[in-house]
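Participant:
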DNA sequence: CCTTGACTTGAAGCTCGCTTCAACCTGTAG
DNA sequence: CTACAGGTTGAAGCGAGCTTCAAGTCAAGG
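Residue numbers (my numbering), protein chains in the order written: chain V, 1 to 138; chain X, 1 to 138.
#1: Leaving out five residues before and five after residue 137 of chain X in sequence, what residues of the same chain have Cβ atoms less than 8 Å from its Cβ?
#2: If I measure Cβ to Cβ from residue 29 of chain X and keep anything under 8 Å in the same chain, skipping five residues before and after, which residues do I get?
#3: By the DSSP assignment, the alpha helix (DSSP H) with residue 89 of chain X in it spans what residues?
#4: Report the neighbours of residue 48 of chain V on chain X: residues whose CB is nearer than 9 Å to its CB, in chain order.
#5: Which word fits residue 89 of chain X, buried or exposed, when buried means at least 16 other C-beta atoms lie within 10 angstroms of its C-beta?
#6: Is there a C-beta anywhere in chain V that falls below 8 Å from the one on residue 87 of chain X?
#7: Once you ignore the five residues that flank residue 54 of chain X on each side, which residues in its own chain have a CB closer than 7 Å to its CB?
#8: List the whole-angstrom C-beta distance separating residue 78 of chain X from residue 117 of chain V, where the pair is believed to meet the contact cut-off of C-beta under 8 Å.
#9: Once DSSP output is grouped into helix, strand and coil, what is the label at residue 26 of chain V?
#10: Kindly list, in the order they appear in chain X, the residues whose Cβ is closer than 8 Å to that of residue 93 of chain V.
#11: So with Cβ pairs under 8 Å, would you call residue 96 of chain X a contact of chain V?
#12: To the nearest angstrom, report how far apart residue 65 of chain V and residue 110 of chain X are at their CA atoms.
#13: Looking only at its own chain, which residues have a Cβ that is under 6 Å from the Cβ of residue 58 of chain X, when we skip the five neighbours before and after it?
#14: Could you please give the first and the last residue of the uninterrupted alpha helix (DSSP H) stretch that includes residue 35 of chain V?
#15: Applying the criterion that 16 or more other CB atoms from any shown protein chain within 10 Å of the CB defines a buried residue, is residue 86 of chain V buried or exposed?
#16: Is there a Cβ of chain V sitting closer than 8 Å to that of residue 11 of chain X, yes or no?
#17: Pull up the DSSP beta-bridge partners for residue 38 of chain V, would you.
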């Protein structure tokens with residue numbers, strides 16, 4: 001398969017061309033070869049985009065992804081990079097998940113609020129005894 | 001308790017004074033009475049801030065909170081407002097939680113990647129057969 | 001040759017929830 | 001009186017992850 005233009009690649013991955021250019025600008029995509037004033041992506045480029053997409057969908061920030069590509073000595077194999085980086089990410093996600101569970105608990109209490117007016121409700125929250133719950137999560 | 005100055009209130013709630021002024025500006029806090037060129041918060045003001053804090057900790061955006069305060073006819077009691085709004089939020093949180101679980105699953109697959117080079121790994125992702133997992137979560 | 005369409009560039013804009021800044025005002029202590 | 005603490009205002013900045021815009025370039029088709 002010959003190198004493809006940016007619009008084709010973008011469509012393939014469900015991205016906008018502007019996103020690909022942005023990735024290049026911030027250095028997570030190496031500069032695409034430009035011929036005839038236009039970018040063309042070969043297999044290596046497509047592979048990298050695939051990695052970016054997968055990592056994004058697992059919650060990686062673009063900074064995380066840059067680290068994956070450029071934060072290790074060349075000799076470090078992909079497998080170890082993934083292992084190290086995914087471990088950190090797991091911890092972060094676990095944390096996020098915990099906060100979400102806290103919010104859900106709080107929400108279920110809030111849904112059972114019996115106050116007439118919001119002011120009263122606020123007063124009860126301040127006394128930490130309102131139906132919406134007395135534990136501030138965080 | 002007499003009306004308190006902004007710095008005291010901010011400290012009480014663990015906010016910055018600038019945040020309180022911001023809330024006022026975007027209309028989720030009613031304009032504080034100003035005497036001697038300075039804001040002073042009475043019980044009603046404090047109650048409202050307490051509600052805002054609780055709602056924030058349950059994942060409400062400031063727009064959600066504005067709706068809670070001003071998106072209903074005056075006659076609608078607090079209890080019903082909470083019920084309606086928390087139901088929507090529960091659904092959103094459930095959705096977020098699902099996506100997080102998807103990410104965790106994906107991450108655990110990624111951690112077991114055995115690829116040597118990232119390019120190879122990307123190629124496998126493209127063929128949807130790489131260790132990091134073949135299901136793109138969303 | 002001219003138009004069209006797809007691309008290029010750098011710069012600026014967007015959302016969210018604030019924070020920071022500069023310039024100014026007010027009340028109190030010494 | 002001055003100095004100082006602690007406010008006030010509007011405007012601008014931040015970070016993340018892009019998108020949008022204006023102006024220019026390039027190749028193909030008629």
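Just so you know, even glycine gets a beta-carbon here, dropped at the ideal spot from N, CA and C. Since the structure is predicted, the reported quantities are computational estimates derived from the model, not experimental observations.
Facilitator: Well, looking at it:
#1: Caution is warranted here: a pLDDT of 40 is assigned to residue 137 of chain X, below 50, making its placement in the model unreliable, and the coordinate value is therefore given only provisionally. 99, 102, 103, 105, 106.
#2: 20, 23, 45, 48, 49, 52
#3: 78–110
#4: 118, 119, 122
#5: buried
#6: yes
#7: none
#8: 6 Å
#9: coil
#10: 100, 103, 104, 107
#11: yes
#12: 13 Å
#13: none
#14: Looking at the DSSP string, residue 35 of chain V is not in any alpha helix (DSSP H); the run it does join, the beta strand (DSSP E), is 33–35.
#15: buried
#16: no
#17: V/35
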